[in-house]
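Trainee: Quick one: the structure is below, and I'll ask about it shortly.
There are 2 protein chains.
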Amino acid sequence: MNIRETVQSPQIDPQKIDRLAELAIRVGLRLEPGQDLLVTAPVAALPLVRRIAVHAYEAGAGLVTPFLSDEEIALARYRHARNESFDRAPAWLYEGMGKAFDGNTARLAIVGEDPMLLADQDPEKVGRAGKANAIAYGPARDRITAFSINWNIVAYPTPGWARRVFPDLPEDEALARLADAIFSASRADGPDPLADWQRHNGELRARSAWLNERRFHSLHYTGPGTDLTIGLADGHEWMGGESRARNGITCNPNIPTEEVFTTPHAHRVEGFVRSTKPLSHQGSLIDGIEVRFEGGRIVSAKASRGEAVLHKLLDTDEGARRLGEVALVPHSSPISQSRLLFYNTLFDENAACHIALGQCYSKCFVDGETLTDDEIIARGGNRSFIHVDWMIGSNELDIDGVHADGRREAVFRKGEWT
Amino acid sequence: MNIRETVQSPQIDPQKIDRLAELAIRVGLRLEPGQDLLVTAPVAALPLVRRIAVHAYEAGAGLVTPFLSDEEIALARYRHARNESFDRAPAWLYEGMGKAFDGNTARLAIVGEDPMLLADQDPEKVGRAGKANAIAYGPARDRITAFSINWNIVAYPTPGWARRVFPDLPEDEALARLADAIFSASRADGPDPLADWQRHNGELRARSAWLNERRFHSLHYTGPGTDLTIGLADGHEWMGGESRARNGITCNPNIPTEEVFTTPHAHRVEGFVRSTKPLSHQGSLIDGIEVRFEGGRIVSAKASRGEAVLHKLLDTDEGARRLGEVALVPHSSPISQSRLLFYNTLFDENAACHIALGQCYSKCFVDGETLTDDEIIARGGNRSFIHVDWMIGSNELDIDGVHADGRREAVFRKGEWT
Ligand SMILES: [Zn+2]
Ligand SMILES: [Zn+2]
Ligand SMILES: [Zn+2]
Ligand SMILES: [Zn+2]
Numbered sequence: 158m159n160i161r162e163t164v165q166s167p168q169i170d171p172q173k174i175d176r177l178a179e180l181a182i183r184v185g186l187r188l189e190p191g192q193d194l195l196v197t198a199p200v201a202a203l204p205l206v207r208r209i210a211v212h213a214y215e216a217g218a219g220l221v222t223p224f225l226s227d228e229e230i231a232l233a234r235y236r237h238a239r240n241e242s243f244d245r246a247p248a249w250l251y252e253g254m255g256k257a258f259d260g261n262t263a264r265l266a267i268v269g270e271d272p273m274l275l276a277d278q279d280p281e282k283v284g285r286a287g288k289a290n291a292i293a294y295g296p297a298r299d300r301i302t303a304f305s306i307n308w309n310i311v312a313y314p315t316p317g318w319a320r321r322v323f324p325d326l327p328e329d330e331a332l333a334r335l336a337d338a339i340f341s342a343s344r345a346d347g348p349d350p351l352a353d354w355q356r357h358n359g360e361l362r363a364r365s366a367w368l369n370e371r372r373f374h375s376l377h378y379t380g381p382g383t384d385l386t387i388g389l390a391d392g393h394e395w396m397g398g399e400s401r402a403r404n405g406i407t408c409n410p411n412i413p414t415e416e417v418f419t420t421p422h423a424h425r426v427e428g429f430v431r432s433t434k435p436l437s438h439q440g441s442l443i444d445g446i447e448v449r450f451e452g453g454r455i456v457s458a459k460a461s462r463g464e465a466v467l468h469k470l471l472d473t474d475e476g477a478r479r480l481g482e483v484a485l486v487p488h489s490s491p492i493s494q495s496r497l498l499f500y501n502t503l504f505d506e507n508a509a510c511h512i513a514l515g516q517c518y519s520k521c522f523v524d525g526e527t528l529t530d531d532e533i534i535a536r537g538g539n540r541s542f543i544h545v546d547w548m549i550g551s552n553e554l555d556i557d558g559v560h561a562d563g564r565r566e567a568v569f570r571k572g573e574w575t
Numbered sequence: 158m159n160i161r162e163t164v165q166s167p168q169i170d171p172q173k174i175d176r177l178a179e180l181a182i183r184v185g186l187r188l189e190p191g192q193d194l195l196v197t198a199p200v201a202a203l204p205l206v207r208r209i210a211v212h213a214y215e216a217g218a219g220l221v222t223p224f225l226s227d228e229e230i231a232l233a234r235y236r237h238a239r240n241e242s243f244d245r246a247p248a249w250l251y252e253g254m255g256k257a258f259d260g261n262t263a264r265l266a267i268v269g270e271d272p273m274l275l276a277d278q279d280p281e282k283v284g285r286a287g288k289a290n291a292i293a294y295g296p297a298r299d300r301i302t303a304f305s306i307n308w309n310i311v312a313y314p315t316p317g318w319a320r321r322v323f324p325d326l327p328e329d330e331a332l333a334r335l336a337d338a339i340f341s342a343s344r345a346d347g348p349d350p351l352a353d354w355q356r357h358n359g360e361l362r363a364r365s366a367w368l369n370e371r372r373f374h375s376l377h378y379t380g381p382g383t384d385l386t387i388g389l390a391d392g393h394e395w396m397g398g399e400s401r402a403r404n405g406i407t408c409n410p411n412i413p414t415e416e417v418f419t420t421p422h423a424h425r426v427e428g429f430v431r432s433t434k435p436l437s438h439q440g441s442l443i444d445g446i447e448v449r450f451e452g453g454r455i456v457s458a459k460a461s462r463g464e465a466v467l468h469k470l471l472d473t474d475e476g477a478r479r480l481g482e483v484a485l486v487p488h489s490s491p492i493s494q495s496r497l498l499f500y501n502t503l504f505d506e507n508a509a510c511h512i513a514l515g516q517c518y519s520k521c522f523v524d525g526e527t528l529t530d531d532e533i534i535a536r537g538g539n540r541s542f543i544h545v546d547w548m549i550g551s552n553e554l555d556i557d558g559v560h561a562d563g564r565r566e567a568v569f570r571k572g573e574w575t
């Protein structure tokens, strides 16, 4: 067959693909003339990558460099490679990406992988391969977490992903349903997606501003299986929606996004918390997470599913046991209301309040751009090779903001902003 | 559609794909346990890349990193990018590849692009983009021309390529015919391809040994439109078929290969020569090349087609006007006998005697591994950002070997070994 002509699924509306591509370039990245662009995507997302290349060049892009990954090749490793393979990672490639970002190359990631791709593989190998990759990825990740350049993540519906979200539907129908859900959650299906995003960004900006006026010392979470106090970092700043990268470009890193978020204090988290949605991590599913924090550190952790993967994850490095992000999302968010479990953090984290293990965003500090690594750590920022979000919100979650003097204000009640 | 299930063309025999993959890993690369592997391929060659990953991991590969390119994205640049884009290249990526090779990563290139992809684009932009890419590619190319690591090129039949080779056939039939031609020329369609390659390598080794005993000072070519004397570099060595890389691995860089070749003297080429087959260069076709050499340098050049691209190519750098390779292929070679024009150098150069503009192979010197760049140049080796082979052989070509004392020996008569 001719991949050029038939790679397009009839289940996925080409006009919506084009609108999502335009959104990724003009709202997600706000790509500026002369910027190069690095795109990573599963090969099944090729129809979107092609439209992204067109919109990038129309916006004046220098060079668009795509990296297409393939699930079959990823699986071939687990099926055929010898044991030593699982400690390897392409450090040279990630160092190169870091250099590209230093040269002001923008970064677009298209997600769409089968979230359970590695579910049947040896968790020990999955963990080792994930750790080796996370360590090697450092030079690229550092520029992204430091927000050196404009970056964006969008999603594309693939058959493998659709099968997981709609296991009871025929494949074509599942793909069509997932496509609708992605275009809708990404606000790419209205008559004027650019205007819709402008309004949405305004609402998120207002929520962040309210929290930044309050300057809470900590947040206190209560709900089923949860009684958790999360100290906020000294000089933390709440953010949401669009944000200004260090290269001066104001972009929307996540499409979709419904969260406002900031940096917790890595040493001031106490109590216990239970996850409310499954976490899909590097092809494995972790569900029913229950952890206890002491002095900011996870001292015990269990899971009803994927506990071995969770423990590998926590053992990545010292920072993997501490928090790097706390995020607020109302239970009434459109993604939550879709009642779908996407098995993908980009979507599921925007359906519920969540926290992240690992690396913090230096951007989530007042004057974060001017802080050194040591200053960030002194203020309670966390360092790690990982950054993994997991969902703790539900319609039974209450959150109080606690001031330094002990005064309390209701922030969330039954999963909604007060 | 599900790319995983339907990317396979029914016109291409999966068993032959698998045999070609095995040949690439076990004969082309002789991949050693623990070696990483970098694979570049057009996205349409994904079925071969997947089998290559399987055979690589079965051979003990560390990590297989595929880079899939897409013709539509390449065209999007020419259709939509602003003028400045055509001076850009991903230097960071090629520097990274250079580092990977320094870390003993093996290199596999799968060719299969539509050879005329860029034929309708502005030759000035094609030339600039090609030059920018050639310059940026230096760190990767240097390791390949210096033969630092085992590398291999194989081909995969794609619909765009098949359309060019068989313009009068329906697309399915064209693809099936091209697939047959590739598997046959690659000696991948017999019952025991590994044994066939062992025998073939033995024959090429015998031809090289004969030429290395003779130690000709120059070769004198005569034929229609051709009266050319090519001085051979001081201490040149003829090679063919398998060859030992500096990392100690004996590999077969080209599948297919029918040539024995060595390094000409960059300053001792005199006379004129006419090409006998079209040259497909970076998506454009150059045909009817006629050039005149003085003191090793091309002082005049014309072409009946693609002359502008030829002139851009010659203007790449000073070394682009001098020779870096001279290769002998009998007119009776199987690829020549197929009477097909593949519009691809890997195949067409193995149908005819050829010469290459640009960079020489340091390997084609006695003790080439120990020579410095300056020593190679002192012996007549050429340096350039390009290495472009073009075909000058036919059944009307005679070649004499000329000794330093003027003595002559017939090497080729009417396109065949004497
Ligand atoms: Zn978040
Ligand atoms: Zn996060
Ligand atoms: Zn050659
Ligand atoms: Zn050559």
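Sequence lines, in order, name chains A and B. Counting from 158, one number per residue, gives the positions in the first sequence under my numbering. Counting from 158, one number per residue, gives the positions in the second sequence under my numbering. Each residue gets a CB set at the ideal place from its N, CA and C atoms; glycine is no exception.
Where does residue 256 of chain A fall in DSSP's three states?
Mentor: Looking at residue 256 of chain A - three-state DSSP - the assignment turns out to be helix.
Trainee: With 16 other CB atoms within 10 Å as the buried threshold, where does residue 565 of chain B fall?
Mentor: Under this definition residue 565 of chain B is an exposed residue.
Trainee: Give the single residue among A:312, A:259, A:276 whose Cα lies nearest to the Cα of residue 174 of chain A.
Mentor: For residue 174 of chain A, the nearest C-alpha among the options comes from A:312.
Trainee: On the premise that residue 460 of chain B lies in contact with residue 467 of chain B, defined as a C-beta separation below 8 Å, what is that separation, rounded to the nearest angstrom?
Mentor: With 8 Å as the limit, residue 467 of chain B and residue 460 of chain B qualify as a contact, their Cβ atoms being about 5 Å apart.
Trainee: Compute the minimum distance between the beta carbon of residue 488 of chain A and the heavy atoms of ligand 1, and state whether it is under 7 Å.
Mentor: Answer for residue 488 of chain A: no, Cβ out of range of ligand 1.
Trainee: DSSP state of residue 414 of chain B, grouped into three classes?
Mentor: Three-state DSSP puts residue 414 of chain B in coil, outside helix and strand.
Trainee: State the DSSP-derived secondary structure class of residue 450 of chain A, mapped to helix, strand or coil.
Mentor: Note: residue 450 of chain A maps to strand in three-state DSSP.
Trainee: Suppose only complete runs of 3+ residues qualify. What are the beta strand (DSSP E) ranges in the stretch 246 to 322 of chain B, listed by chain order?
Mentor: You should have 263 to 268, 308 to 312.
Trainee: Taking 6 Å as the limit between beta carbons, can you name the residues of its chain near residue 456 of chain A, skipping five residues before and five after?
Mentor: These residues qualify, in order along the chain: 449.
Trainee: Select from B:526, B:318, B:344 the residue whose C-alpha is nearest the C-alpha of residue 333 of chain B.
Mentor: With distances taken between Cα atoms, residue 333 of chain B lies closest to B:318.
Trainee: Heavy atom of ligand 2 less than 7 Å from the Cβ of residue 546 of chain A, yes or no?
Mentor: Answer for residue 546 of chain A: yes, Cβ within range of ligand 2.
Trainee: Taking the alpha-carbon positions, what's the residue 355 of chain A to residue 574 of chain A distance?
Mentor: One C-alpha to the other measures close to 21 Å.
Trainee: Quick check on this structure: which residue in B:240, B:526, B:197 has the alpha carbon closest to the alpha carbon of residue 215 of chain A?
Mentor: Comparing Cα-Cα distances from residue 215 of chain A to each of B:240, B:526, B:197, the minimum goes to B:240.
Trainee: Given this structure, state the Cα-to-Cα distance separating residue 518 of chain B from residue 410 of chain B, to the nearest angstrom.
Mentor: Between residue 518 of chain B and residue 410 of chain B, the C-alpha separation is close to 12 Å.
Trainee: Helix or strand or just coil, what does DSSP make of residue 340 of chain A?
Mentor: Here residue 340 of chain A sits in helix by DSSP.
Trainee: Using a C-beta to C-beta distance shorter than 8 Å, which residues of chain A count as neighbours of residue 222 of chain B?
Mentor: Going along chain A in sequence order, the residues near residue 222 of chain B (Cβ under 8 Å) are 247, 250.
Trainee: Suppose the cutoff is 8 Å on Cβ atoms and the five residues either side in sequence are ignored; what does the same chain contact list for residue 162 of chain B look like?
Mentor: Its pLDDT being 38, under 50, residue 162 of chain B is placed unreliably in this model, and the coordinates cannot settle the point.
Trainee: Which residues, in chain order, does the stretch 273 to 301 of chain B contribute to contact with chain A at a C-beta distance below 8 Å?
Mentor: Listed by position, the residues of the stretch 273 to 301 of chain B near chain A (Cβ gap below 8 Å) amount to none.
Trainee: Return helix, strand or coil for residue 161 of chain B, following the three-state DSSP convention.
Mentor: Confidence at residue 161 of chain B is low in this model, with a pLDDT of 39, below 50, so its placement is unreliable and the value that follows should be read with caution. In the structure shown, residue 161 of chain B sits in a helix (DSSP, three-state: H, G or I).
Trainee: Taking the alpha carbon of residue 350 of chain A as the reference point, which residue from A:362, A:568, A:183 has its own alpha carbon closest?
Mentor: Taking only the C-alpha atoms, the option nearest residue 350 of chain A is A:183.
Trainee: Measure the beta-carbon distance from residue 498 of chain A to residue 435 of chain A and round it to whole angstroms, keeping in mind my assumption that it falls under 8 Å.
Mentor: Confirmed, Cβ separation roughly 7 Å.
Trainee: Going by the C-beta, is residue 477 of chain A closer than 7 Å to any heavy atom of ligand 2?
Mentor: Not under cutoff, so the answer is no.
Trainee: Applying a beta-carbon distance threshold of less than 7 Å, which residues of chain B neighbour residue 225 of chain A?
Mentor: Near residue 225 of chain A (Cβ distances below 7 Å), the residues of chain B are 200, 225.
Trainee: Let's see if you can read the secondary structure: which residues bound the beta strand (DSSP E) around residue 421 of chain B?
Mentor: Counting along the chain, the beta strand (DSSP E) containing residue 421 of chain B begins and ends at 421 to 431.
Trainee: Assuming residue 492 of chain B contacts residue 342 of chain B (C-beta within less than 8 Å), just tell me the rounded distance between them.
Mentor: Indeed they touch by this definition, with Cβ atoms about 5 Å apart.
Trainee: Report the start-end ranges of each alpha helix (DSSP H) in the stretch 473 to 519 of chain B that is 4 residues or longer and not cut off at the edges.
Mentor: Fully enclosed alpha helix (DSSP H) runs of 4 or longer: 491 to 494, 502 to 505.
Trainee: Go ahead and pull the three-state DSSP assignment for residue 353 of chain B.
Mentor: It is helical.
Trainee: Can you find the residues in the same chain that come closer than 7 Å, C-beta to C-beta, to residue 283 of chain A, ignoring five residues on each side of it along the sequence?
Mentor: 275, 439, 440, 441, 466.
Trainee: I want to verify the contact list: residues of chain A whose CB lies under 7 Å from the CB of residue 237 of chain B, in sequence order.
Mentor: Correct list: 211, 214, 215.
Trainee: Please return the same chain residues whose Cβ sits closer than 8 Å to the Cβ of residue 353 of chain A, not counting the five positions on each side in sequence.
Mentor: So the list reads 344, 347, once near-sequence residues are dropped.
Trainee: Using beta-carbon positions only, say whether residue 197 of chain A and residue 226 of chain A come within less than 8 Å of one another.
Mentor: Yes, these two residues count as a Cβ contact at 8 Å.
Trainee: Could you tell me whether the Cβ atoms of residue 194 of chain B and residue 380 of chain B are closer together than 8 Å?
Mentor: No, these two residues do not count as a Cβ contact at 8 Å.
Trainee: Does the Cβ of residue 523 of chain A have 16 or more other Cβ atoms within 10 Å, making it buried, or fewer, making it exposed?
Mentor: Residue 523 of chain A comes out exposed.
Trainee: Do residue 486 of chain A and residue 415 of chain A have their CB atoms nearer than 8 Å?
Mentor: For residue 486 of chain A and residue 415 of chain A, yes; Cβs fall inside 8 Å.
Trainee: Going by the C-beta, is residue 415 of chain A closer than 7 Å to any heavy atom of ligand 2?
Mentor: No.
Trainee: Between residue 182 of chain B and chain A, is the shortest Cβ-Cβ distance under 8 Å, so that the two count as touching?
Mentor: Chain A, which has no Cβ nearer than 8 Å to the Cβ of residue 182 of chain B, makes this no.
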